[in-house]
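Numbering of the sequence shown is given in the working numbering, commencing with residue 230 and proceeding in unit increments. Virtual Cβ for every residue (Gly too), placed ideally from N, Cα, C.
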Amino acid sequence: MWKGCWGQPLTSASLACSAAASADETKGARSRIPLQDLITLDDATAALDERQEEERLRKHVSETDTLRLADGGTAPPLTQPAEPGHLTWHQAHQDAEQFRADRQDAIHRAQQALQLIAENWPAVQDLAARSGTAYARDILDCLAPEARSLAQSLTTLA
């Protein structure tokens with residue numbers, strides 16, 4: 230036979246009494262919570278959704294900071310003003326999206342510039358082959374200083 234806390238034999242009646250007392254304690258605890266402190270399921274779901282969205286934004290901003298650092302960026306992390314609340318995570322996310330868009334534009338421009346160099350590489354090779362000639366001087370003399378410097382650098386590679 231099983232015995233309860235006070236050494237008394239456990240019966241179905243004592244278990245039922247114990248369960249009823251426990252239910253009364255729980256009910257009493259619930260009844261002590263003011264109604265205005267209770268939230269609805271919809272409110273709880275909305276709060277959870279908001280927290281999950283904030284966590285998603287935090288993760289995206291953090292990943293963008295990691296990317297900026299890997300790219301050699303020296304600007305302060307985007308998470309820095311958002312952590313203490315000086316900036317909302319939505320604002321930090323917008324800044325991260327702007328960085329990513331600017332980065333993608335810069336990558337695209339660099340790819341286009343390199344494609345143009347590749348398409349015109351035969352001209353660089355021709356210039357390198359005729360280095361020091363009047364032909365090469367006529368080409369280089371009409372270029373802006375930056376383009377002239379680039380052409381001279383490229384002809385040493387060709």
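**Message:** I'd like the span of the alpha helix (DSSP H) that includes proline 310, first residue to last.
**Reply:** 308-311
**Message:** Less than 8 Å between the C-beta atoms of threonine 317 and valine 290, yes or no?
**Reply:** no
**Message:** Looking at phenylalanine 328: is its Cβ nearer than 8 Å to the Cβ of arginine 285?
**Reply:** no
**Asked** Which of the three DSSP states, helix, strand or coil, is assigned to aspartate 278?
**Response** helix
**Item:** Contacting residues, own chain, Cβ-Cβ under 8 Å from proline 310 (five flanking each side not counted)
**Value:** Leu316, Ala321
**Asked** Just the Cα atoms here: how many angstroms apart are arginine 287 and leucine 277?
**Response** 15 Å
**Prompt:** Where tyrosine 364 and cysteine 371 are concerned, what is the direct C-alpha to C-alpha distance, given to the nearest angstrom?
**Reply:** 12 Å
**Prompt:** What did DSSP end up calling aspartate 388 once you bin it into helix, strand or coil?
**Reply:** Residue 388 lies beyond the residue range present for the chain, which begins at 230 and ends at 387; the question has no answer from this structure.
**Prompt:** Any idea what DSSP makes of leucine 244, helix, strand or coil?
**Reply:** Because the pLDDT at leucine 244 is just 46, under 50, the model does not fix this residue reliably, and the value given afterwards should be weighed accordingly. Of the three classes helix, strand and coil, the one that applies to leucine 244 here is helix, per DSSP.
**Request:** Report, in whole angstroms, the separation of the C-beta atoms of leucine 356 and threonine 384, which I expect to be a contact under 8 Å.
**Result:** 5 Å
**Asked** Any idea if aspartate 272 is buried or exposed, counting beta-carbon neighbours within 10 angstroms, 16 or more meaning buried?
**Response** exposed
**Message:** Do aspartate 294 and alanine 306 count as a contact pair if the criterion is CB distance below 8 Å?
**Reply:** Checking the sequence shown, residue 306 turns out to be proline, not alanine. Cβ distance < 8 Å, so proline 306 and aspartate 294 count as in contact.
**Message:** Would glutamine 354 and alanine 387 qualify as a contact pair, given that the criterion is a beta-carbon distance under 8 Å?
**Reply:** yes
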